[in-house]
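Heads up, the sequence shown is in our numbering, so the first residue is 14 and it goes up one at a time.
Note that the Cβ used here is the ideal one computed from N, Cα and C, for glycine as well.
Please read all numbers here as calculations on a predicted model, not as lab measurements.
So the structure is just underneath, and the comments pick up after that.
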Amino acid sequence: MHGPAARPRHSSALRASAWIALIAASLLVDCSVSAHAQESVPRPEDLLTASSQEQPEVVRRMIAQRVAQIAGLLELMDEEEDWARNWGAARNATFMLGYLRAVEAAPALARFVDSGHRFPYAVLGRGPAWQGNRFQMAAVWALVNIGEPCLDGVVDRIAEGGAGETGQASSYCVRVLVELRGVEGAGSLLIAATAAENDQERRMRLSAALSELLKHGADCARVREDQVSRGDPFAHVP
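In structure tokens form, the structure reads like this:
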């Protein structure tokens with residue numbers, strides 16, 4: 014049997030040259046696109062140099078940039094497989110969404126309210142929602158940093174149920190309410206939500222959260238006060 018016919022050497026050389034040319038062209042295009050993208054990134058100081066006619070376009074581009082940034086961060090943390098595949102990226106994206114006070118991310122943050130702990134497997138069975146430093150709870154910190162606009166989503170997360178990563182998702186939601194409204198304010202929110210809810214199962218979950226608040230709310234308040242007294246920078250909303 015004869016092996017495959019040998020290919021002319023000049024053919025291989027031409028093919029290699031073609032690949033080199035293609036790669037070089039691609040690199041030039043990439044560099045051009047990157048340079049163009051860098052030039053087109055809007056900056057706050059552009060408002061100083063833009064004319065009154067140009068300023069609305071600068072504002073539009075800045076808003077579009079923020080929307081795209083938040084959408085990209087959400088893609089890193091808004092599915093369970095994101096946390097399973099790359100826990101660190103999901104956790105850091107969660108912190109960033111809170112830092113940016115991304116109100117539109119509140120539903121996803123509430124859904125993963127007990128995900129992204131600094132020590133994700135060490136919190137089981139210790140009542141961490143009441144005892145832990147908020148900064149060790151990525152989604153709790155993010156929701157508290159977003160503030161009042163997230164309250165409805167957090168209350169709805171309690172009503173929806175679901176154990177979450179730790180089995181204590183409802184506890185973490187109540188922790189958010191206490192951080193934002195205090196024990197009495199959180200209780201008022203849960204009482205009002207329970208009274209307004211028509212679905213029996215959702216009412217039961219809200220009622221259970223209220224019972225947990227009555228049991229542990231004072232502990233949560235003490236932890237927070239202790240963190241403040243020790244000068245803990247993460248005991249306050251930045």
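Counting every other CB atom within 10 Å of its CB across the protein chains shown gives glutamate 225 a total of 16 or more, marking it as buried.
Check the Cα spacing between glutamine 82 and each of Leu203, Glu117, Leu219 and Gly230: the tightest is with Glu117. Glutamate 214 and glycine 177 have their alpha carbons spaced roughly 18 Å apart.
For glutamate 94, the uninterrupted alpha helix (DSSP H) run begins and ends at 93-98, by DSSP. Methionine 150 carries a strand assignment under DSSP once its states are collapsed to helix, strand and coil.
Per DSSP, the unbroken alpha helix (DSSP H) holding proline 69 starts and ends at 68-88. For the 9 Å CB-CB criterion, leucine 219 and alanine 172 form a contact. By the 16-neighbour rule on beta-carbons within 10 angstroms, glutamate 70 is exposed.
When Cβ pairs closer than 8 Å are counted between the two stretches, the region 123-130 is seen to touch the region 157-167, the count reaching three or more. Sequence-distant partners of leucine 223 (beyond 5 residues in either direction) whose C-beta falls short of 6 Å from its own C-beta, in its chain, are Leu203. Taken through DSSP and simplified to helix, strand or coil, serine 65 comes out as coil. Cβ-Cβ distances below 7 Å link aspartate 91 to Ala121 in the same chain, with the five nearest sequence neighbours on each side left out; the list follows chain order. Residue environment for glycine 111: buried (at least 16 other C-beta atoms within 10 angstroms of its C-beta). With three or more CB-CB distances shorter than 8 Å, the region 181-195 counts as touching the region 147-159.
Note that the C-beta distance between alanine 103 and glycine 129 is below 9 Å. DSSP places arginine 56 in the coil class of the three-state scheme, outside both helix and strand. About 12 Å separates the beta carbon of leucine 156 from that of valine 168, a gap too long to meet the 8 Å contact definition. Following the DSSP letters along the chain, one finds serine 128 in no alpha helix (DSSP H), marked with neither H nor E. Excluding residues up to 5 positions away in sequence, Ala172, Arg216 and Leu219 lie with their Cβ nearer than 8 Å to the Cβ of glutamate 210 in the same chain.
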